[in-house]
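Peer 1: The listed protein sequences correspond, in order, to chains A, B, C and D.
First residue of the first sequence: 36, per my numbering; consecutive thereafter.
First residue of the second sequence: 36, per my numbering; consecutive thereafter.
First residue of the third sequence: 36, per my numbering; consecutive thereafter.
First residue of the fourth sequence: 36, per my numbering; consecutive thereafter.
We put the beta carbon where it would ideally sit given N, CA and C, even for glycine.
This structure is a prediction, so every number in the text was calculated from the model and none was measured.
Can you read through this structure? Questions will come right after.
4 protein chains.
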Amino acid sequence: MIQENKGHTFCLVTSCPDAVGIVAEVTRFVADVNGSLIESNHHTDIADGWFYMRNVIAVDSLSVDIEGFRKNFAELADKFDMKWYVRDVQKKQKVVMLASHSSHCLADLLHRWHSNELHCDIPCVISNHENLRSMVEWHGIPFHYVPVPKEDKQDAFDKMNEIIERHDADTVVLARYMQIIPPELCTKFQGRLINIHHSFLPSFIGGNPYQKAYDRGVKLIGATSHYVTEDLDEGPIIEQDVIRVSHSSEKDDMVRLGRDVEKSVLARGLRYHLEDRVIVRGNKAVVFS
Amino acid sequence: MIQENKGHTFCLVTSCPDAVGIVAEVTRFVADVNGSLIESNHHTDIADGWFYMRNVIAVDSLSVDIEGFRKNFAELADKFDMKWYVRDVQKKQKVVMLASHSSHCLADLLHRWHSNELHCDIPCVISNHENLRSMVEWHGIPFHYVPVPKEDKQDAFDKMNEIIERHDADTVVLARYMQIIPPELCTKFQGRLINIHHSFLPSFIGGNPYQKAYDRGVKLIGATSHYVTEDLDEGPIIEQDVIRVSHSSEKDDMVRLGRDVEKSVLARGLRYHLEDRVIVRGNKAVVFS
Amino acid sequence: MIQENKGHTFCLVTSCPDAVGIVAEVTRFVADVNGSLIESNHHTDIADGWFYMRNVIAVDSLSVDIEGFRKNFAELADKFDMKWYVRDVQKKQKVVMLASHSSHCLADLLHRWHSNELHCDIPCVISNHENLRSMVEWHGIPFHYVPVPKEDKQDAFDKMNEIIERHDADTVVLARYMQIIPPELCTKFQGRLINIHHSFLPSFIGGNPYQKAYDRGVKLIGATSHYVTEDLDEGPIIEQDVIRVSHSSEKDDMVRLGRDVEKSVLARGLRYHLEDRVIVRGNKAVVFS
Amino acid sequence: MIQENKGHTFCLVTSCPDAVGIVAEVTRFVADVNGSLIESNHHTDIADGWFYMRNVIAVDSLSVDIEGFRKNFAELADKFDMKWYVRDVQKKQKVVMLASHSSHCLADLLHRWHSNELHCDIPCVISNHENLRSMVEWHGIPFHYVPVPKEDKQDAFDKMNEIIERHDADTVVLARYMQIIPPELCTKFQGRLINIHHSFLPSFIGGNPYQKAYDRGVKLIGATSHYVTEDLDEGPIIEQDVIRVSHSSEKDDMVRLGRDVEKSVLARGLRYHLEDRVIVRGNKAVVFS
């Protein structure tokens with residue numbers, strides 16, 4: 036369901052230890068403030084004893100504003116020991132994108148944004164190469180060239196960090212950015228830093244996955260969008276997909292076919308994230324797709 | 036989630052005009068009778084103003100039995116003008132299967148049943164051919180041979196109807212049964228009579244769909260499981276899937292490849308039905324898969 | 036296999052009544068002119084008694100140029116009553132693109148072209164709307180605005196025709212061009228005019244297929260790239276694909292999800308065409324994908 | 036194309052160092068003995084400089100019998116240093132199946148065989164459990180119970196080996212046989228011993244792949260059919276496929292969903308093998324599917 040097409044809504048996202056009566060109390064609360072549920076998703080992880088919930092609430096009839104909602108809900112949240120937030124869906128998230136030399140993921144995301152499919156603002160694109168500047172600027176988006184020299188990466192990362200901060204990013208997307216992200220950025224943007232890995236994880240972790248796929252003779256190749264953690268390629272998986280290859284697919288064909296999977300898997304992963312459909316716990320992500 | 040692996044549960048399925056507070060009141064009711072929600076699915080059809088809900092409730096802690104649950108819930112159901120039922124998941128449905136000459140769908144369902152994957156009883160199989168008798172009887176299931184002569188189909192259908200009634204069927208599955216079902220059976224088993232059509236509906240309605248697919252030169256063929264209504268191949272769709280074919284696929288290859296899709300699409304459709312995941316309204320089915 | 040990455044090659048495409056010895060004589064011919072086969076695909080349609088063949092031949096060692104090849108091969112072609120052509124793969128085809136208001140297919144194709152994935156020239160884009168001008172021109176491609184007023188379509192089509200002729204188009208692509216193509220253009224570009232239909236043909240022929248898919252409650256939606264003939268949506272199918280939808284997919288979601296399928300199905304279809312992988316006979320296409 | 040439906044054919048399978056004129060000479064040879072090519076597949080691995088070819092030849096018009104064909108072809112084969120064989124397709128291969136406790140793969144293969152979809156003989160099934168005896172024997176196939184006690188596996192493997200030899204097996208299929216195959220059997224049946232691994236290799240090598248998949252939070256699970264070599268799960272891959280799972284899929288759901296993928300991936304892999312569509316070189320398999 037396209038969230039932003041549904042009039043003005045809030046999205047309430049919670050997770051907590053499972054208990055009797057959570058749904059009843061949360062939905063009672065929503066009804067009491069005159070909220071109408073447009074969409075509601077639950078999940079109970081029985082093995083783990085954990086409960087996840089996402090509610091999209093129509094705002095028009097609400098008797099409280101978002102601050103009032105937050106204030107009133109806090110008590111209930113405390114009672115069930117919830118991790119939670121409520122977000123005004125009308126307010127777009129600010130997404131800073133990082134890219135390197137490859138254009139396919141970035142071009143795809145920019146086109147989706149430009150044609151109003153991706154509900155966010157893109158305050159800037161940062162790249163360690165200059166080649167995508169013109170494409171980015173055509174979209175009316177500032178482009179920052181931050182080269183990452185082998186001998187002094189820290190300086191580059193400091194500069195990137197400063198740009199990201201200045202633009203007040205809610206989310207950072209690595210659109211085939213080919214540098215390892217420093218731990219401090221991983222920590223700062225935990226659960227808000229999304230990467231696209233060009234293999235079906237956990238197959239072919241690390242560099243050059245298409246070569247590895249070619250060498251192993253697999254019959255499907257894939258891509259994985261995931262949150263970045265300090266452990267390379269080990270973060271919570273948001274979305275994955277695959278495409279068929281054959282013995283006649285050389286490595287270059289795999290790269291080409293893989294691009295299409297990368298594009299769509301990153302776009303879907305980012306969409307789920309922006310629509311508050313993803314709740315991370317430990318190394319796994321609940322995705323109410 | 037495999038329903039029958041979760042201890043003793045009830046499944047409460049409702050649909051009604053959308054309104055504020057439904058979820059709150061239903062889940063409040065469940066909490067008040069000390070029920071714990073194992074799984075809960077909602078859907079609001081905004082265009083149609085209709086609300087759908089399925090709740091799986093742990094029975095162990097419940098303060099009422101199923102009759103008590105029904106009696107108590109009726110008042111709430113009336114308030115929201117619900118179509119609803121609650122079912123004891125432990126109680127297996129009785130599924131009568133109809134087949135003709137082709138064995139693949141029936142063999143697949145019988146194997147799933149035999150290996151405890153399909154949570155139902157199969158009181159009997161009815162066929163208008165004798166060739167599958169031994170396979171059915173090996174599974175310990177009675178086999179009824181009811182030929183359908185062209186000149187007197189009504190007599191055959193009366194006999195079938197009598198057998199189905201005698202076995203007190205909850206659901207009837209047409210596992211590639213190649214006769215048109217008479218209207219009275221369609222009406223009697225509305226929403227409980229499942230067919231597998233060997234095409235991706237609405238493509239290739241009617242007979243010989245693989246020949247039609249071959250003649251049209253399509254690049255994917257498919258199958259559709261749907262509830263049977265009086266309008267041939269027009270009933271609510273439960274599940275569909277496709278498989279790739281090419282110019283080198285002759286009609287016989289399509290038939291062969293199609294069998295695998297038919298098997299899995301019918302098995303999934305029946306599973307959704309047996310787990311109370313399907314709610315029909317008009318000609319469409321909400322499927323909480 | 037990415038054709039243009041393989042050094043200089045010719046592509047020889049033939050079809051003819053099946054007979055003993057065709058492959059032997061064709062490949063003998065190729066060997067005799069010192070050609071090395073890089074890729075070779077055959078298909079025998081047994082029902083139809085027809086033979087199809089595509090050969091990619093390395094040019095470096097060839098003892099003849101393309102004119103010599105053509106001249107020498109003609110005799111063999113006559114012997115087997117072949118429909119055939121040989122093409123210098125290095126020479127890019129000229130592809131004129133037609134679009135309307137929707138940008139997704141055009142943007143996708145332009146990006147593939149811009150990043151050297153699509154081996155062709157795009158001499159111009161023609162549209163009956165102005166909104167995509169800037170995007171097209173950013174790629175350095177001329178944009179022609181040819182409005183198609185309801186009261187005088189013929190004049191517009193004459194103008195389009197003139198532009199297409201002036202640019203000496205080998206192939207015309209309808210990248211979600213929402214006007215019915217006049218018969219004379221269909222005839223003139225028979226087997227070289229490619230459309231993307233936004234449904235899984237033959238389902239939902241004609242206008243508004245997503246609405247029809249929504250109304251029917253299908254569980255998969257699709258797209259079809261096909262050659263345009265005078266019979267609307269009835270031409271030879273090159274490529275198709277589908278994507279899963281559910282009861283929670285409103286029509287707008289189907290439109291959004293469908294865009295991704297349309298993009299990739301059109302891009303794949305065009306790629307097959309440009310690589311001479313498609314041989315049409317009657318209303319069906321052999322595709323050596 | 037269903038091979039055995041095409042009248043009497045021979046299948047000629049070759050691979051050799053790439054060279055100019057191979058196809059010409061092989062197809063010339065076939066034409067010279069009056070053979071008609073029903074299906075022909077080639078592949079040139081450019082990186083590796085290796086050529087692969089499979090030809091299905093109609094026998095009716097042939098001027099030689101299979102011994103004559105072999106004798107005559109040997110000279111040509113020597114010239115190009117070919118690895119090759121020619122097989123009378125009418126002569127069914129003998130496939131011995133090994134199973135353990137799980138029935139799904141074996142039941143699926145037996146049903147395909149029983150309904151004439153799988154073109155082979157099954158001289159016997161061997162299992163280290165008794166539970167599948169009745170199912171196997173219903174099909175009219177001898178069942179051998181060979182328990183594999185932890186303390187003396189060699190004795191069991193000797194017994195198995197003796198049974199396989201006695202039945203003169205061409206191919207051995209591990210239909211979810213849960214014992215590690217001893218090296219001498221791997222060597223003896225190199226390229227003729229097919230396993231189904233219940234993960235998308237190289238993900239989740241070794242035991243308990245569904246638990247590992249669940250723990251990693253992947254969004255797709257898969258299965259792989261491959262030739263068995265001494266390196267566990269490292270042999271040449273014949274076929275793979277995947278199915279979507281989600282956060283609501285518990286490990287048991289993955290096991291259940293995975294069964295369907297395992298069944299079809301093993302059946303397709305075995306089919307390709309039986310139709311001589313697979314040519315192994317090193318650790319990779321060319322599959323003319």
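(1) Determine the direct distance from the alpha carbon of Gly270(B) to that of Val208(B), and round the result to whole angstroms.
(2) Below 8 Å on C-beta distance, what does Gly252(B) contact in chain C?
(3) Could you name each continuous alpha helix (DSSP H) segment of 4 residues or more that falls completely within the region 74–118 of chain D, going from the start of the chain to the end?
(4) List, in chain order, every chain B residue whose beta-carbon is nearer than 7 Å to that of Ala66(A).
(5) Going by alpha carbons, who is nearest to Ala82(C) out of Phe86(D), Asp80(D), Ile73(D) and Ala82(D)?
(6) Taking all protein chains shown into account, decide if Ala112(C) is buried (16 or more other Cβ within 10 angstroms of its Cβ) or exposed.
(7) Between the region 101–116 of chain C and the region 61–71 of chain C, do three or more beta carbon pairs fall short of 8 Å?
(8) Please report how far the alpha carbon of Thr264(C) lies from the alpha carbon of Glu165(C), in whole angstroms.
(9) Are there three or more Cβ pairs, one per stretch, closer than 8 Å when the region 207–224 of chain B is compared with the region 122–137 of chain B?
(10) Under 8 Å by Cβ, that's how I've got Lys118(C) and Ser50(C) pegged, so tell me the actual separation to the nearest angstrom.
(11) Could you check if Gly103(D) belongs to the surroundings of the ligand MN, using beta carbon to heavy atom distance under 6 Å?
(12) Within the same chain, show all residues whose beta-carbon is closer than 8 Å to that of Val181(A), passing over the 5 residues directly before and after it, in chain order.
(13) For chain A, is any of its Cβ atoms less than 7 Å away from the one on Asp295(C)?
(14) I want to verify the contact list: residues of chain D whose CB lies under 7 Å from the CB of Thr62(C), in sequence order.
(15) Do Lys254(A) and Glu274(D) come within 7 Å of each other at the CB atom, strictly closer than that value?
(16) Which whole runs of the beta strand (DSSP E) in the region 130–160 of chain B are 3 residues long or more, in chain order?
(17) If the criterion is Cβ atoms closer than 7 Å, does the pair His202(A) and Val131(A) meet it?
(18) Would the beta-carbon of Val313(C) fall within 7 Å of that of Val322(C)?
(19) By the criterion of Cβ-Cβ separation under 7 Å, what are the contact partners of Ala142(C) in chain A?
(20) With distance defined between alpha-carbon atoms, name the residue in Leu145(D), Glu186(D) and Glu285(D) nearest to Phe178(D).
(21) Any beta carbon of chain B sitting closer than 7 Å to that of Trp85(D)?
(22) Would you mind stating whether Gly293(C) and Ile256(C) have Cβ atoms separated by less than 7 Å?
(23) Cβ closer than 8 Å: which chain B residues qualify as neighbours of Glu285(C)?
(24) What residue ranges within the region 255–283 of chain C form continuous beta strand (DSSP E) runs of no fewer than 3 residues, ordered along the chain?
(25) Short of 8 Å Cβ to Cβ, which residues in the region 256–269 of chain C face chain A?
(26) In the DSSP output, what is Pro52(A) paired with across the bridge?
(27) Could you please tell me which residues of the region 117–142 of chain C, in chain order, have their CB closer than 8 Å to any CB of chain A?
(28) Between Val313(C) and chain B, is there a C-beta pair that is closer than 7 Å?
(29) Check each candidate in His308(A), Ala54(A), Glu60(A) and Cys155(A) and name the one with the smallest Cα separation from Tyr262(A).
(30) I want to verify the contact list: residues of chain C whose CB lies under 7 Å from the CB of Leu47(D), in sequence order.
(31) Using a Cβ cut-off of 7 Å (strictly closer), state whether Gln275(B) contacts chain C.
(32) Between Ile272(B), Val48(B) and Gly252(B), which has its C-alpha nearest Asn90(B)'s C-alpha?
(33) Span of the beta strand (DSSP E) holding Ala320(A)?
(34) With a Cβ-Cβ cutoff of 7 Å, do Ala258(A) and Val300(A) count as a contact?
(35) Asp95(B) to Arg147(C), Cα distance in whole Å?
(36) Would you say Gly317(D) and Ile272(A) are within 7 Å of each other, going by their C-beta atoms?
Peer 2: Looking at the atomic coordinates:
(1) Locating residue 208(B) in the second sequence gives position 173, counting from the first residue. Locating residue 270(B) in the second sequence gives position 235, counting from the first residue. When rounded, the distance between both Cα atoms is 14 Å.
(2) Sequence index remark: in the second sequence, residue 252(B) carries index 217 (1-based). Pro271, Ile272, Asn318, Lys319 and Ala320, listed in chain order.
(3) 101–114
(4) The residue labelled residue 66(A) in the question sits at position 31 within the first sequence. What Ala66(A) touches in chain B: Val55, Gly56 and Ala59.
(5) Position 47 of the third sequence holds residue 82(C). When each option's Cα is compared against that of Ala82(C), the closest is Ile73(D).
(6) Here residue 112(C) refers to the residue found at position 77 when the third sequence is read from its first residue. With 16 or more Cβ atoms within 10 Å of its Cβ, Ala112(C) is classed as buried.
(7) yes
(8) Within the third sequence, numbered from 1, the residue matching residue 264(C) stands at position 229. Within the third sequence, numbered from 1, the residue matching residue 165(C) stands at position 130. Computed Cα separation, rounded: 27 Å.
(9) yes
(10) Sequence index remark: in the third sequence, residue 118(C) carries index 83 (1-based). Sequence index remark: in the third sequence, residue 50(C) carries index 15 (1-based). The Cβ separation is near 5 Å, so the contact holds.
(11) Of ligands this structure carries none, so the ligand MN is not represented either.
(12) Within the first sequence, residue 181(A) is the residue found at index 146, counting from 1. Excluding positions up to five away in sequence, the list reads Ile161, Ser162, Asn163, Ala191, Lys194, Met195 and Ile198.
(13) Position 260 of the third sequence, counted from the first residue, corresponds to residue 295(C). True, the Cβ-Cβ gap to chain A drops below 7 Å.
(14) As a first step, residue 62(C) is located in the third sequence; it is residue number 27 there, counting from the start. Those within 7 Å of Thr62(C) in chain D are Val58, Ala59 and Thr62.
(15) Taking the fourth sequence and counting its residues from 1, one reaches residue 274(D) at position 239. Taking the first sequence and counting its residues from 1, one reaches residue 254(A) at position 219. Cβ atoms of Glu274(D) and Lys254(A): closer than 7 Å.
(16) none
(17) Stepping through the first sequence from its first residue, residue 202(A) is reached at position 167. Stepping through the first sequence from its first residue, residue 131(A) is reached at position 96. Yes, Cβ-Cβ distance for His202(A) and Val131(A) is below 7 Å.
(18) Numbered from 1 along the third sequence, position 278 holds the residue referred to as residue 313(C). Numbered from 1 along the third sequence, position 287 holds the residue referred to as residue 322(C). Yes, the Cβ-Cβ distance between Val313(C) and Val322(C) is below 7 Å.
(19) Within the third sequence, the letter at position 107 stands for residue 142(C). Correct list: His146.
(20) The residue labelled residue 178(D) in the question sits at position 143 within the fourth sequence. For the residues Leu145(D), Glu186(D) and Glu285(D), the minimum Cα distance to Phe178(D) belongs to Leu145(D).
(21) What you label residue 85(D) is simply residue 50 of the fourth sequence in a count that begins at 1. Answer no: the Cβ-Cβ gap between Trp85(D) and chain B never drops below 7 Å.
(22) Here residue 293(C) is taken as the residue at index 258 of the third sequence, counted from 1. Here residue 256(C) is taken as the residue at index 221 of the third sequence, counted from 1. Yes.
(23) Residue numbering aside, residue 285(C) sits at position 250 when the third sequence is read from its first letter. Here the neighbours are Ile81 and Ala82.
(24) 255–262 and 272–279
(25) none
(26) Here residue 52(A) refers to the residue found at position 17 of the first sequence. Pro52(A) is bridged to Trp85(A).
(27) Ser138, His139 and Ala142
(28) Taking the first residue of the third sequence as position 1, residue 313(C) is located at position 278. Not one chain B Cβ lies under 7 Å of Val313(C).
(29) Within the first sequence, residue 262(A) is the residue found at index 227, counting from 1. The option with the nearest alpha carbon to Tyr262(A) is His308(A).
(30) Residue mapping note: residue 47(D) aligns to position 12 of the fourth sequence, counting from 1. Residues of chain C passing the Cβ test: none, with the nearest at roughly 13 Å.
(31) Reading the second sequence from its first residue, position 240 is the one you call residue 275(B). Closer than 7 Å to some Cβ of chain C, the Cβ of Gln275(B) qualifies, so yes.
(32) Stepping through the second sequence from its first residue, residue 90(B) is reached at position 55. The option with the nearest alpha carbon to Asn90(B) is Val48(B).
(33) Walking along the first sequence from the start, residue 320(A) turns up at place 285. Lys319 to Val322 is the extent of the beta strand (DSSP E) around Ala320(A).
(34) Here residue 258(A) refers to the residue found at position 223 when the first sequence is read from its first residue. Here residue 300(A) refers to the residue found at position 265 when the first sequence is read from its first residue. Yes.
(35) One-based indexing of the second sequence puts residue 95(B) at position 60. One-based indexing of the third sequence puts residue 147(C) at position 112. About 59 Å.
(36) The sequence position of residue 317(D) within the fourth sequence is 282, counting from 1. The sequence position of residue 272(A) within the first sequence is 237, counting from 1. No; because the gap between Cβ atoms is not below 7 Å, this pair is not in contact.
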